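Residue numbers for the sequence shown follow the working numbering, so the first one is 22 and each next one is one higher.
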Amino acid sequence: MRETIVAAMRLPILFYRRFISPLKPPTCRFAPTCSAYALEAIEVHGPIKGAGLAAVRICKCHPFHPGGFDPVPPPKGKSDVGRPSA
């Protein structure tokens, strides 16, 4: 069931990336782009929390925010900080 909801949520984002985004000049102030962030957030955190993270990110996309690198946070308990590398 979760996979079906995630797939349904991905469709409008993929439509935007394929058909709408190419018509606009590149103005994204973040890395990764908001659409890439939304796709990853939904995949990593699920449809509800992922959509919430994506909405917060889109609300930060305005001329008064400096932008920059803003990755999707890892799921709780899954942080790589402090872990030795393999």
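In this text, a Cβ means the ideal position worked out from N, Cα and C, and glycines have one as well.
Quick caveat, the model's predicted, so the values are computed rather than measured.
Close-in-space but distant-in-sequence residues of the same chain around residue i (CB under 6 Å, 5 per side omitted)
| i | result |
| --- | --- |
| E61 | V93 |
| G71 | A62 and I63 |
| G88 | R50 and F51 |
| A59 | I34 and A75 |
| S42 | none |
Three-way DSSP call (helix, strand, coil) for residue i in this model
| i | result |
| --- | --- |
| F36 | helix |
| M22 | coil |
| P43 | helix |
Note down, one range per segment and in chain order, each alpha helix (DSSP H) of at least 4 residues found wholly within the stretch 50 to 100.
-> 55 to 66 and 68 to 80
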